[in-house]
Every structure is written in C-alpha cells, then in structure tokens.
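Asks:
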Amino acid sequence: MDNLSKVLNETLQATLPSIGKGQVANYIPALANINPNQLGVAIADLDGKVFKAGDADIPFSIQSISKLFTLIQAMKIYGEAIWKGVRRDPSGLRFNSLVQLESEHGIPRNPFINAGALKICDQLESRCSTPNFQLLSLLKELSHNNSIKVNHRVAISEIKHGARNAAMAYLMKAFDNFENSVEKVLESYAHHCAIEMSCVDLARATLPLANKGKTLTGKALITTKQCKRINALLVTCGLYDEAGEFAFRVGLPGKSGVGGGIVAIYPGKFSLCVWSPELNKTGNSLAGFELLERLTGALEISIF
Ligand code: GLU
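Per the numbering used here, the sequence shown starts with residue -3, numbered consecutively.
The structure is reproduced here in structure tokens:
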C-alpha cells in the first residue's frame, strides 16, 4: 500500500486528457452549472488510512450513489421482506426507463435503478419517522464528517423536472406496489440524490462494504450476509446498463451517480471513490470510469 499515493497521482494525471470528451448531466438543470474540469479520487483502507489525489475533497452531488445507502437502511429495517417489492436482477435498460416496469407488473428489476430506489424510499417512508434526517445522520457518522448537507437548489430542480420518476411511482401505485403518497416519496428521494459529499467522504462511508459489513470500530452496520448481497448487487446492477462493461474493465463492485461520482469496493482491502462530472452516453462518469480502469490495472486488483 506504500505506493498508493503515487499510483493515484499517476493514474489521475494519465486520465486528465479525457476531460472534455463527455457531457455533464443537464436533465436536472441545477446539475448543468458544474465546472466540468474536475477529477478526484480517494481510497479509504481498513487500517483507517486515506489516500487521495486531485479534487478529492470537493463535495459533489451524490445522486444515485444515495441508492446504496437507502438500500442499507431498508435492509436493516426490513431484512428479507424488502424483496417483496423489488427484484435483484440487472435491467439492461437506462436507469430511468419505464418500459420494463409496465411489462413486469410494477415490480422494479433492482434497487439501483430509479424505479427500484423509489420503491425502497417508499418502504423507508412507511417505517421511518424522519427518513431524510436518518440518512444524513448515517452518512455523517460513516464518513466522520458533520458538515455533509443537502443542496436544496438541486433537490428542488429535480422535483420540478422529475416527471419520469413521478410516472414510475404512479405506475407502481397502479400495480399496488407503492404504499405512500407519491409526492412525499419523490420529495424524499430528490433530497437523497441532492446530498453533497466528497470522494474522501464517500470512500470512508462505503468502507463497511469492504469489511464484511462492519465499521472500523467493529460495529456491525449490516450483517456479513447483507454485505455479500449488496456487493453482488453492485456488481450486477450498480452501473445501470453498463454494469457488465464495468465488471469487464474495472472488476470491482461499484455504484455510479449522474453527479459524476463512482464508488467501488475491494473486499477485504479498501473502498474508493472517483469523481469527474462529465458523463458518457450511459450516464456514468467518463473520466471516472477510465481512472478506475487504469487504477485497478496498475494495482492488478479485481474480485474476479
Ligand atoms: N436524481 C437522479 C434521477 O432520479 C439520479 C439518477 C442517477 O444518478 O443515476 O434521475
């Protein structure tokens, strides 16, 4: 691990020329204002050390990476009952596609596409008194950073332009797979997506997934079995319809968001996060994906 900082810096430098080849997300207008020329990476290891390079301390919109943490919350509350309303298979379609939901009777393919995450938020709404507050508290605790907050401008922008998400939630309701008020759950979901964290925060917050579900103090965030299941879902569904390509090129469980972040887990060793706002055609960070491919290649690591 001694040369980690050096390898991080080298892979970051080698990836810089890819900035300018993608496009920042603009379907949520408040996300379009970001400076695209940013690239950061951070690794948090099981000895409690953090290694970083580039823009690793700048908070960015975590967007779909929040789906990982809402899944953790719901798994803790519901256990196996969580799977009544959502499956765990790759969708092979865009993250906000409606097509499958109609033909599959309102049961989303997995918790990492928008429909599945909305169903998870619906479950949280049924059983938590303050789901948003509880999520923020969890993230602050896991990342050791009390200043993590929601960007309300982004949340409002998403609610205003969230017709597709609303359509998914109503479709699930029509199929009797949605318990709460659609508006209330959409608001909650948009606030989760609009949380801002840095690469360092996210690398720290995902560390239990590299540690059989435990934090570094030995506290069980989730069980070993739940940890195995989440990592399996990250491999098969974490990068939308590019999950296969990510497994092929990077070889680690991962989760992306349209804010340009990607978290990845190297079980038993470390967790990491890359961020660069420009996305490829599938909605994943273009430079972030490339950096991770370079990094895992240079370190010769993979779960396969
Ligand atoms: N807030 C975004 C949406 O609902 C999240 C999408 C993503 O990051 O993949 O469309």
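Virtual Cβ for every residue (Gly too), placed ideally from N, Cα, C. None of the values given here were measured: they were computed from a predicted structure.
Please name the residue, chosen from 185, 38, 1, 42, that lies closest to residue 64 on a Cα-to-Cα basis.
Replies: Locating residue 64 in the sequence shown gives position 68, counting from the first residue. The shortest Cα separation from residue 64 among 185, 38, 1, 42 belongs to 185.
Asks: Measuring CA to CA, which of 237, 254, 11, 272 is closest to residue 22?
Replies: For the purposes of this step, residue 22 is identified with residue 26 of the sequence shown, where counting begins at 1. Of 237, 254, 11, 272, the residue nearest in Cα terms is 254.
Asks: Quick check for students: name the residue ranges of the beta strand (DSSP E) that lie wholly in the segment 152 to 236, counting only runs of 3 or more.
Replies: Segments of the beta strand (DSSP E) lying fully in the segment 152 to 236: 191 to 193.
Asks: I need the boundaries of the alpha helix (DSSP H) containing residue 65, first residue and last residue.
Replies: Your numbering for residue 65 matches position 69 in the sequence shown. Taken as a continuous stretch (DSSP letters only), the alpha helix (DSSP H) holding residue 65 covers 62 to 74.
Asks: Take the Cβ of residue 95 as the centre, count every other Cβ of all protein chains shown within 10 Å, and call the residue buried at 16 or more, exposed below.
Replies: Taking the first residue of the sequence shown as position 1, residue 95 is located at position 99. It is exposed - the Cβ of residue 95 has fewer than 16 other Cβ atoms within 10 Å.
Asks: For the ligand GLU, enumerate in chain order all residues having a CB closer than 6 angstroms to any of its heavy atoms.
Replies: That gives 59, 60, 91, 92, 110, 154, 161, 189, 253, 254, 279.
Asks: Could you give the uninterrupted runs of the beta strand (DSSP E) lying entirely in the segment 96 to 160, keeping only those of 3 residues or more?
Replies: Within the segment 96 to 160, no complete beta strand (DSSP E) run reaches 3 residues.
Asks: Are at least three pairs of beta-carbons, each pair with one atom in the segment 185 to 204 and one in the segment 127 to 146, less than 8 angstroms apart?
Replies: Yes, the segment 185 to 204 touches the segment 127 to 146.
Asks: Between the alpha carbons of residue 46 and residue 0, how many angstroms are there, rounded?
Replies: Translated into positions along the sequence shown, residue 46 becomes position 50. Translated into positions along the sequence shown, residue 0 becomes position 4. Roughly 10 angstroms separates the two Cα atoms.
Asks: Buried or exposed for residue 302, please, with buried defined as at least 16 other CB atoms from any protein chain shown within 10 angstroms of its CB.
Replies: Any answer about residue 302 is impossible in this case: the structure gives the chain only from -3 up to 300.
Asks: Pick from 192, 74, 155, 110: whose alpha carbon is nearest that of residue 120?
Replies: Position 124 of the sequence shown, counted from the start, is the residue given in the question as residue 120. It is 74.
Asks: Can you look up residue 21 in the DSSP assignment and give me helix, strand or coil?
Replies: Along the sequence shown, one-based indexing puts residue 21 at 25. DSSP places residue 21 in coil when its eight states are reduced to three.
Asks: Thinking C-beta only, is residue 241 closer than 8 angstroms to residue 189?
Replies: Here residue 189 corresponds to residue number 193 of the sequence shown, with the count starting at 1. Here residue 241 corresponds to residue number 245 of the sequence shown, with the count starting at 1. No, the pair does not count as a contact, with Cβ atoms beyond the cut-off.
Asks: Let's see if you can read the secondary structure: which residues bound the beta strand (DSSP E) around residue 93?
Replies: By one-based count along the sequence shown, residue 93 stands at place 97. Segment: none, residue 93 is in no beta strand (DSSP E) and carries neither H nor E.
Asks: Taking 8 angstroms as the cut-off, does the segment 224 to 241 touch the segment 27 to 47 (at least 3 CB pairs, one atom from each stretch)?
Replies: Contact fails: fewer than three Cβ-Cβ distances are below 8 angstroms.
Asks: For residue 52, which of helix, strand or coil comes out of DSSP?
Replies: Locating residue 52 in the sequence shown gives position 56, where the first residue counts as 1. Reduced to three states, the DSSP call for residue 52 is coil.
Asks: For residue 105, does the count of other Cβ atoms within 10 angstroms reach 16, so buried, or fall short, so exposed?
Replies: What you label residue 105 is simply residue 109 of the sequence shown in a count that begins at 1. By the 10 Å Cβ count, residue 105 comes out buried.
Asks: Under 8 angstroms by Cβ, that's how I've got residue 40 and residue 267 pegged, so tell me the actual separation to the nearest angstrom.
Replies: By one-based count along the sequence shown, residue 40 stands at place 44. By one-based count along the sequence shown, residue 267 stands at place 271. Confirmed, Cβ separation roughly 5 angstroms.
Asks: Going by beta carbon distance, what residues of the same chain come within less than 7 angstroms of residue 173, once the five residues before and after it are set aside?
Replies: As a working mapping, residue 173 is identified with position 177 in the sequence shown. Closer than 7 angstroms at Cβ, skipping near neighbours: 81, 102, 103, 115.
Asks: For residue 268, report the span of its beta strand (DSSP E) as first-last.
Replies: Residue numbering aside, residue 268 sits at position 272 when the sequence shown is read from its first letter. Element bounds for residue 268: 266 to 271.
Asks: Does residue 87 come out as helix, strand or coil in the three-state DSSP assignment?
Replies: On the sequence shown, position 91 is the one that residue 87 refers to. Coil.
Asks: Tell me whether the beta-carbon of residue 51 lies closer than 8 angstroms to the beta-carbon of residue 34.
Replies: Taking the first residue of the sequence shown as 1, we reach residue 51 at position 55. Taking the first residue of the sequence shown as 1, we reach residue 34 at position 38. Contact flag set, yes.
Asks: Give me the Cβ distance between residue 271 and residue 195, rounded to the nearest whole Å; I'm assuming they're in contact under 8 angstroms.
Replies: Within the sequence shown, residue 271 is the residue found at index 275, counting from 1. Within the sequence shown, residue 195 is the residue found at index 199, counting from 1. About 5 angstroms; that satisfies the 8 angstroms criterion.
Asks: Determine whether the beta carbon atoms of residue 3 and residue 291 lie at a separation below 8 angstroms.
Replies: Here the question's residue 3 lines up with position 7 in the sequence shown. Here the question's residue 291 lines up with position 295 in the sequence shown. Their beta carbons are under 8 angstroms apart, which means residue 3 touches residue 291 by this criterion.
Asks: What separation, rounded to the nearest whole angstrom, lies between the Cα atoms of residue 91 and residue 281?
Replies: Counting from 1 along the sequence shown, the entry for residue 91 is found at position 95. Counting from 1 along the sequence shown, the entry for residue 281 is found at position 285. Roughly 14 angstroms between the two C-alpha positions.
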